[in-house]
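In what follows, a single structure is set out as structure tokens and then discussed.
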Amino acid sequence: MKMKIGLGLYREQLTPDNYRFALQSGATHIVAHLTNYFAGKDPKIDSGDNGGWGDCSTDRLWTYEELSVLVEDVRAGGLELAAIENFSPRFWHDILLDGPERGVQIEALKQLIRDAGRAGVPCIGYNFSLAGVYGWTRGPYARGGAESVGFGVEDAPGAVPDPDAPIPDGMVWNMRYRRGVPGAKSISVSNAEIWDRLSRFLKEVVPIAEEAGVMLGAHPDDPPAEVLRGTARLVNRPEKYDRLMSIIDSPSNGLELCLGSLQEMPGGDIYEHVRRFARSGRIGYIHFRNVKGKMPRYVETFVDEGDIDMAEIVRILRDENYQGVMIPDHTPAMTCAASWHAGKAFALGYMRALVQNAHALGPSQSLAHDLAAE
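Printed below as a string of structure tokens:
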């Protein structure tokens with residue numbers, strides 16, 4: 002067994018043609034986004050305007066039948082479904098906000114997790130955040146002027162979202178779950194409050210996930226600010242992943258390990274943290290993404306040009322016998338008629354070459370340092 006290569010697809014991209022593209026690019030697994038960002042339009046990963054990533058107010062809870070069809074469709078395309086990424090805010094806005102529908106939404110998510118396990122979905126990725134992804138700008142930040150995203154870029158083209166702008170009423174996780182009420186009080190949450198909400202959430206749903214054979218994988222905050230839009234952030238330092246996992250000790254309380262997000266965080270050694278998390282056995286899947294810079298300024302790059310030595314990451318995963326899935330996450334858009342496909346194909350080819358030659362990459366460059374620290 003060895004680590005596996007996957008491809009993330011948005012809802013409108015879950016098609017036979019894209020399954021063939023994934024196979025042709027060397028992927029064996031799919032991570033599916035069922036939350037309908039941007040209402041089915043070609044989604045560009047940025048902060049959006051004040052409407053965020055779109056309106057999810059009409060989203061309905063995914064059923065066992067829908068999940069089963071997804072698993073079988075992916076399998077019919079010659080692939081396996083590795084995970085579903087992200088709950089629609091419509092399903093859990095009052096879990097995040099600690100609102101009046103919290104209890105009902107908890108029970109609905111429990112049933113969704115049971116149905117996912119029964120349908121053969123092994124992992125659900127999530128990001129416990131009120132502000133979500135916000136504050137990014139798009140620009141020619143990657144090699145050759147390829148369009149990617151960045152945070153804190155002083156000369157960014159176009160308008161730069163204000164990281165202190167309050168979250169509008171009716172919005173959470175950078176999506177609108179209902180029409181806002183004029184004059185409503187803006188949303189805020191303290192560090193203690195957001196950790197309490199996460200703790201209660203995990204203690205209620207992780208036992209259900211464990212029974213269902215599903216891992217819940219927590220994505221770290223991006224951008225990894227201390228506060229964004231007046232709300233405290235959770236996993237904005239690598240060690241806060243340890244705090245999250247300690248809330249309930251279960252193989253179902255795991256990580257959606259985003260390398261780019263970890264690298265953006267101030268301080269710490271990404272190689273040490275990746276080794277430690279891989280050793281824990283609680284990585285659901287990995288976002289294999291590279292960046293240049295750290296908070297308060299960073300930009301996303303092609304997988305081979307950022308600050309992370311991706312070959313060293315693969316050496317570490319090899320040494321720790323990681324057998325899970327890695328996906329490119331989002332990639333810079335290349336200048337051609339099929340910019341999304343070209344960017345993904347480049348990343349997948351680079352990843353596949355590293356994985357196929359993992360045995361020949363030599364010893365880990367960080368292992369001696371890590372062993373000396375133990």
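Each number in this note's numbering comes from the position in the sequence shown (counting from 1) with 1 added on. Backbone N, C-alpha and C fix where the C-beta goes; we use that ideal spot for every residue, glycine too.
Residue i vs residue j beta-carbon contact at 8 Å
i           : j           : result
residue 264 : residue 292 : yes
residue 54  : residue 38  : yes
residue 9   : residue 86  : yes
residue 28  : residue 127 : no
residue 34  : residue 20  : no
residue 176 : residue 57  : yes
residue 249 : residue 111 : no
residue 143 : residue 336 : no
residue 355 : residue 329 : no
residue 365 : residue 298 : no
residue 152 : residue 136 : yes
Identity of the residues DSSP links to residue i by a beta bridge
i           : result
residue 298 : 295
residue 232 : 190 and 229
residue 33  : 10 and 85
residue 57  : Note: residue 57 sits in no beta bridge, so no partner.
residue 173 : 176
residue 331 : Residue 331 is not bridged to any residue.
residue 149 : 140
Same chain only: Cβ atoms within 6 Å of residue i, ignoring 5 sequence neighbours per side
i           : result
residue 319 : 359
residue 182 : 170
residue 231 : 167 and 189
residue 69  : 120
residue 95  : 102, 103 and 106
Whole-angstrom C-beta distance between residue j and residue i, which should lie under 8 Å
i           : j           : result
residue 188 : residue 98  : 7 Å
residue 311 : residue 304 : 6 Å
residue 233 : residue 262 : Not confirmed; about 17 Å, so no contact.
residue 216 : residue 253 : 5 Å
residue 235 : residue 130 : 7 Å
residue 284 : residue 242 : Actually they do not touch by this definition, with Cβ atoms about 10 Å apart.
residue 4   : residue 325 : 7 Å
residue 211 : residue 251 : 5 Å
Same chain, Cβ closer than 7 Å to residue i, five either side skipped, listed in chain order
i           : result
residue 73  : none
residue 294 : 300
residue 309 : 260, 264, 271 and 291
residue 363 : none
Distance cut-off 7 Å: residue i Cβ against heavy atoms of the ligand GTP
i           : result
residue 174 : The ligand GTP is absent from the structure shown, which contains no ligand whatsoever.
Sequence-distant residues of the same chain with beta carbon closer than 8 Å to residue i, five excluded per side
i           : result
residue 195 : 129, 131, 232, 233, 234 and 235
Any chain C beta carbon closer than 8 Å to residue i
i          : result
residue 92 : No chain C is present in this structure, which holds just one protein chain.
| query | Would you say the segment 74-84 touches the segment 18-28, given that touching needs at least three Cβ pairs under 8 Å? | reply | Between the segment 74-84 and the segment 18-28, the count of C-beta pairs closer than 8 Å reaches three or more; the two stretches touch.
| message | For the pair the segment 267-280 and the segment 168-177, tell me if three or more CB-CB distances fall below 8 Å. | response | Contact between the segment 267-280 and the segment 168-177 is absent: fewer than three C-beta pairs spanning the two stretches fall below 8 Å.
| query | When the Cβ atoms of the segment 115-128 are set against those of the segment 140-159, are three or more pairs found closer than 8 Å? | reply | Counting Cβ pairs under 8 Å, fewer than three are found: no touch.
| With a cut-off of 8 Å, do at least 3 Cβ pairs link the segment 332-343 to the segment 142-150? | The segment 332-343, when compared against the segment 142-150, does touch it at the 8 Å Cβ threshold.
| query | Between the segment 201-214 and the segment 93-110, do three or more beta carbon pairs fall short of 8 Å? | reply | The answer is yes - the segment 93-110 touches the segment 201-214, with three or more Cβ pairs under 8 Å.
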